[in-house]
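Q: In order, the protein sequences belong to chains U and C.
Using my numbering, the first residue of the first sequence is number 300, and each one after it goes up by one.
Using my numbering, the first residue of the second sequence is number 468, and each one after it goes up by one.
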Amino acid sequence: MSQIIIYTIITLVGIGATAAIILYFVAQKFKVYEDPRIDEVEEVLPAANCGGCGFPGCRNFAETLVKSESWDDLFCPVGGNETMSKAAAILGREAIEQAPRVAVIRCNGTPEFRPRVTEYDGAPTCTIAHSLYAGEGGCPFGCLGCGDCVSVCNFDAIHMDPKSGLPVVIDDACTACGACVEACPRDIIELRKKNKKDRKIFVSCINEEKGAVAKKNCSVACIGCSKCFKVCKYDAITMENNKAFIDSDKCVLCRKCVPECPTSAILELNFPPPRKKEVVEASKIENS
Amino acid sequence: MSLKTFTRGGVHPPEHKLSAGNKIRELPPPEVAVIPVSQHLGAPAKVLVNRGDQVKVGQLIAQSEGFVSTNIHASVSGKVLKVDQFMDSTGYRKMAVQIQVEGDQWLETIDRSDDLVRNSVLPAEDIRKKILEAGIVGLGGATFPSHVKLMVPKGKNAEYLIINGVECEPYLTADHALMMERSEALYSGIQLLMKGLGVEKAIIGIENNKPDAIEKMKQVVEGGPVTVQGLKVKYPQGGEKQLVQALLKREVPSGGLPIDVGVVVFNVGTALAVYEAVMKNRPLINRVVTVTGKSLEKPSNFLVRIGTPVSTLVEQAGGLPEHTAKVINGGPMMGKAISTLDVPIVKGSSGILLMDEGEARRKEVLPCIRCTKCVGVCPMGLEPYLLMTLSERSLFERMESEKILDCIECGSCSYTCPSSRPLLDYIRLGKAEAGKIIRARKAV
């Protein structure tokens with residue numbers, strides 16, 4: 300009886316030892332060297348695997364960071380400058396700072412401003428609706444409201460407002476990964492520079508039609524009148540294809556353009572309410 | 468007479484041919500016509516007229532650009548109001564010529580009489596040239612330029628001409644009416660096409676829900692090289708690949724065209740347009756459109772000028788019924804809903820279908836139950852449930868290997884799905900995306 304046990308043990312140990320020796324030499328022969336810094340860099344990345352950096356997953360981005368000579372086009376929008384400087388510290392180099400960005404919805408076609416003239420009951424995705432027709436409000440450039448941007452967001456940073464039928468971005472949750480920008484078949488969403496207290500000034504319309512045509516569908520459409528362009532002192536506004544565009548990198552948030560817009564297409568968000576006139580007048584009287 | 472049909476898949480939607488047997492009524496030119504410059508597959512035509520120009524009926528107003536493109540002619544006479552972007556049936560704006568109609572002056576070269584002209588002495592070359600000049604496209608709905616079909620590529624040989632009188636779409640009766648009323652002219656057109664192609668044999672395929680048309684066409688073609696073949700009613704028999712299979716038992720290879728098996732298919736409307744173009748010098752400026760719907764007062768077949776607003780047709784058919792919920796350009800299976808009635812009739816408009824609230828609304832979408840009914844009815848032998856899932860997940864390259872480009876967009880899968888899943892919507896999207904990927908690959 301005990302003999303069987305002894306033979307078994309000897310045989311198994313023998314097989315194990317032989318296999319271990321073979322495996323050792325095979326592993327030596329086919330060894331793949333991997334820079335240990337890749338693991339370290341991957342550790343500091345957010346592990347969201349969102350693709351916001353333009354690479355398929357954080358691991359791939361970490362590899363690229365380690366291998367690349369120049370970091371000009373490399374940035375993790377989710378982790379931001381903090382993550383990038385950590386990664387730079389591991390690799391002993393300088394990080395390139397980038398201003399944080401946030402997704403902005405450039406359509407303000409609520410049912411109030413852009414009445415629904417038709418009803419869409421096809422497959423509920425914007426991509427299909429876009430390929431079929433101009434949309435419920437009739438504007439061929441406006442938001443279709445099926446929420447393709449919502450379904451691609453990995454960070455729960457965007458949701459549909461049932462009242463306005465438009466997507467709303469939660470600025471604190473948005474990581475500017477750009478997934479929604481890619482998903483929108485009409486290129487309505489733009490990544491803009493994040494300002495103090497989430498203040499924003501932007502043209503909430505990308506309609507390229509002639510003014511009269513655009514206004515027929517939506518009362519807050521940009522009609523390409525160039526009034527804002529003329530008033531801007533900082534060259535932040537450009538007129539192209541019959542619409543105005545405010546460059547968020549040049550804009551200083553002076554708000555001069557906002558009252559100029561005849562259709563209220565320029566939105567100012569998160570600014571304190573304007574100071575009351577009476578107070579100003581009262582102080583004037585006191586001074587005089 | 469034995470009836471034929473295609474073997475794979477197919478569905479039997481209720482026919483609802485409400486306007487069958489109604490005579491074709493010619494509508495007068497509209498007050499203002501809007502003529503888009505892209506009414507065909509391929510490159511848009513180049514506009515030749517300017518604002519303020521006087522045009523006559525039949526005058527060339529936009530020249531074809533490239534091989535797959537066609538000429539566009541003025542369908543009315545009068546003054547050009549605008550050359551601008553106008554709304555098409557999708558609500559997007561496309562380039563079009565707007566003409567304020569003044570009188571009804573035709574070019575002198577056009578023979579406007581109803582006299583039947585037979586036995587053309589023109590050589591095949593001239594027939595093809597006239598078809599090209601007249602801007603004729605496939606009037607069955609796909610609007611593929613006809614002159615391209617007549618140019619048989621090198622190494623291929625056309626043996627049969629098939630004339631498609633199937634009209635398998637429910638509701639539509641335009642082709643039926645044409646076969647009943649213009650059978651002689653149609654026969655002449657078929658002979659011209661045969662000559663242009665250089666084929667000896669032609670078959671007219673007609674479904675047997677139109678026994679009068681089969682009878683009529685048989686009488687007309689008696690003793691000639693053209694035969695008439697009755698077909699069992701089954702959708703989508705009017706698809707050219709299905710029709711070739713039904714009539715000749717030849718299978719068009721995947722990714723191929725009927726010419727690969729020696730066949731060229733034309734619609735009856737196209738054959739008639741060819742007759743008018745070659746024998747009467749008349750470019751494609753009007754077409755027969757079925758205006759129909761269960762709640763419509765007078766479902767009709769109208770002969771209308773290209774560029775007439777849809778609203779005019781609906782008015783002539785008894786006005787828009789109160790509970791209309793959807794207006795479809797084309798038939799119920801393949802047509803697309805239009806967002807406003809202020810869009811013009813174009814070369815490809817075969818019908819205008821009005822649906823009320825109950826008919827129009829899609830049913831609630833339920834999960835796929837893997838019943839594979841869609842696979843059973845697909846006339847191209849595809850797997851629609853799989854294609855839809857792939858499209859939902861944006862796996863377009865995988866769709867390509869699943870032969871998405873063979874899909875003829877007949878809608879049999881969506882029609883038969885017990886869960887009312889929007890199969891065709893997703894498949895169309897995937898087909899377009901896969902097509903883009905393939906073109907991009909070819910361009911490299």
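Just so it is clear, CB atoms sit at the ideal spot from N, CA and C, and this is done for glycine as well.
Given that Arg560 of chain C touches chain U, what residues does it touch there, using C-beta distances under 9 Å?
A: Neighbours of Arg560 of chain C on chain U, chain order: Ala433, Pro439, Glu508 and Val512.
Q: Between the alpha carbons of Gly798 of chain C and Asp642 of chain C, how many angstroms are there, rounded?
A: Computed Cα separation, rounded: 13 Å.
Q: Pull out every residue of the stretch 577 to 599 of chain C whose Cβ sits closer than 9 Å to any Cβ of chain U, in chain order.
A: Residues passing the 9 Å Cβ filter: none.
Q: Since Gly774 of chain C contacts Val501 of chain C with CB under 8 Å, what's their CB separation in whole angstroms?
A: That belief holds up - the Cβ atoms of Gly774 of chain C and Val501 of chain C are roughly 5 Å apart, short of 8 Å.
Q: Tell me the residue span of the beta strand (DSSP E) that contains Leu767 of chain C.
A: Leu is not the amino acid found at residue 767 of chain C; the sequence shown has Ser there. Where Ser767 of chain C is concerned, the enclosing beta strand (DSSP E) stretches over Ser767 to Arg772.
Q: If we count the other Cβ atoms within 10 Å of its Cβ and call it buried at 16 or more, is Cys553 of chain U buried or exposed?
A: Label assigned to Cys553 of chain U: exposed.
Q: How many angstroms separate the CA atom of Pro692 of chain C from the CA atom of Glu718 of chain C?
A: The alpha-carbon atoms of Pro692 of chain C and Glu718 of chain C are separated by roughly 23 Å.
Q: Output yes if chain U places a C-beta closer than 7 Å to the C-beta of Ser806 of chain C; else output no.
A: Closer than 7 Å to some Cβ of chain U, the Cβ of Ser806 of chain C qualifies, so yes.
Q: If contact means a Cβ-Cβ distance below 7 Å, which residues of the stretch 618 to 650 of chain C contact chain U?
A: Per Cβ criterion, the list is empty.
Q: List the residues of chain U that Pro889 of chain C touches, going by C-beta distances under 7 Å, in chain order.
A: Result: Gly421 and Ala422.
Q: Just reading off the beta strand (DSSP E) that Tyr627 of chain C is part of, what are its end residues?
A: That run of the beta strand (DSSP E) goes Tyr627 to Asn631.
Q: Scan the stretch 892 to 909 of chain C for residues whose Cβ lies nearer than 8 Å to a Cβ of chain U and list them as they occur along the chain.
A: Taking 8 Å as the Cβ-Cβ cut-off against chain U, the residues of the stretch 892 to 909 of chain C that qualify are Asp892, Tyr893, Arg895, Leu896 and Ala899.
Q: With 7 Å as the threshold, decide whether the Cβ of Thr557 of chain C is near any Cβ in chain U.
A: Chain U contact via Cβ: present.
Q: If you draw a straight line from the alpha carbon of Ser587 of chain U to that of Phe412 of chain U, how long is it in whole angstroms?
A: The predicted model places Ser587 of chain U with a pLDDT of 47, which falls under 50 and marks its position as unreliable; any figure quoted below should be read in that light. Between Ser587 of chain U and Phe412 of chain U, the C-alpha separation is close to 45 Å.
Q: Is Ile427 of chain U close to chain C? Criterion is C-beta to C-beta, closer than 7 Å.
A: It does: the Cβ of Ile427 of chain U has a partner Cβ on chain C nearer than 7 Å.
Q: Listing by chain order, which chain C residues have their CB less than 8 Å from the CB of Ser450 of chain U?
A: None at all; the shortest Cβ gap to chain C is about 11 Å.
Q: If you follow the beta strand (DSSP E) that Gly697 of chain C is in, where does it begin and where does it stop?
A: Segment Val693 to Leu698, the beta strand (DSSP E) holding Gly697 of chain C.
Q: Since Ser542 of chain C and Asn768 of chain C are thought to touch, with beta carbons under 8 Å apart, how far apart are those beta carbons, to the nearest angstrom?
A: Not quite, the Cβ-Cβ distance comes to about 18 Å (not below 8 Å), so this is no contact.
Q: Is the beta carbon of Val711 of chain C closer than 7 Å to that of Val938 of chain C?
A: Chain C is shown only over 468 to 911; residue 938 of chain C falls outside these bounds and no answer can be derived.
Q: Please determine, among U:Ala564, U:Asn359 and U:Ala402, the residue with the shortest C-alpha to C-alpha distance to Cys476 of chain U.
A: With distances taken between Cα atoms, Cys476 of chain U lies closest to U:Ala402.
Q: Kindly indicate which three-state DSSP category Pro678 of chain C falls into: helix, strand or coil?
A: Helix, per DSSP.
Q: What's the gap between the Cα of Ile305 of chain U and the Cα of Thr317 of chain U?
A: Cα to Cα, Ile305 of chain U sits roughly 18 Å from Thr317 of chain U.
Q: Tell me the DSSP bridge mates of Trp573 of chain C?
A: According to DSSP, Trp573 of chain C bridges with C:Val524.
Q: With DSSP collapsed to three states, give me the class of Asn516 of chain U.
A: Asn516 of chain U: helix per DSSP, three-state reduction.
Q: Tell me whether Pro496 of chain C sits in a helix, a strand or coil according to DSSP, three-state version.
A: DSSP places Pro496 of chain C in coil when its eight states are reduced to three.
Q: Taking Cβ positions only, does Thr417 of chain U come closer than 7 Å to chain C?
A: Output row for Thr417 of chain U: interface = yes.
Q: Can you name the start and end residues of the alpha helix (DSSP H) that Gln658 of chain C belongs to?
A: Ser650 to Leu664 is the extent of the alpha helix (DSSP H) around Gln658 of chain C.
Q: Can you confirm whether Ser587 of chain U, when its beta carbon is compared against all beta carbons of chain C, has any partner nearer than 7 Å?
A: Model confidence at Ser587 of chain U stands at a pLDDT of 47, short of 50, so the residue's coordinates are unreliable and nothing is read from them.
Q: Is Ile871 of chain C near Lys909 of chain C, with beta carbons less than 7 Å apart?
A: Cβ distance not < 7 Å, so Ile871 of chain C and Lys909 of chain C don't count as in contact.
Q: Does Leu849 of chain C come out as helix, strand or coil in the three-state DSSP assignment?
A: Coil at Leu849 of chain C, not helix or strand.
Q: Closest to Glu850 of chain C by CA distance: which of C:Tyr702, C:Pro766 and C:Ile875 is it?
A: Here the closest residue by C-alpha is C:Ile875.
Q: Alpha carbon to alpha carbon, how far is Pro725 of chain C from Asn624 of chain C? Give it in angstroms, no decimals.
A: Asn624 of chain C and Pro725 of chain C: Cα-Cα distance of roughly 11 Å.
Q: When you compare the CB of Arg829 of chain C with every CB in chain U, is at least one pair closer than 7 Å?
A: Arg829 of chain C counts as touching chain U.
Q: Which two residues bound the contiguous beta strand (DSSP E) that contains Thr537 of chain U?
A: From DSSP, the beta strand (DSSP E) with Thr537 of chain U extends over Ile536 to Glu539.
Q: So, with DSSP's three-state summary, where would you put Val842 of chain C?
A: Helix, per DSSP.
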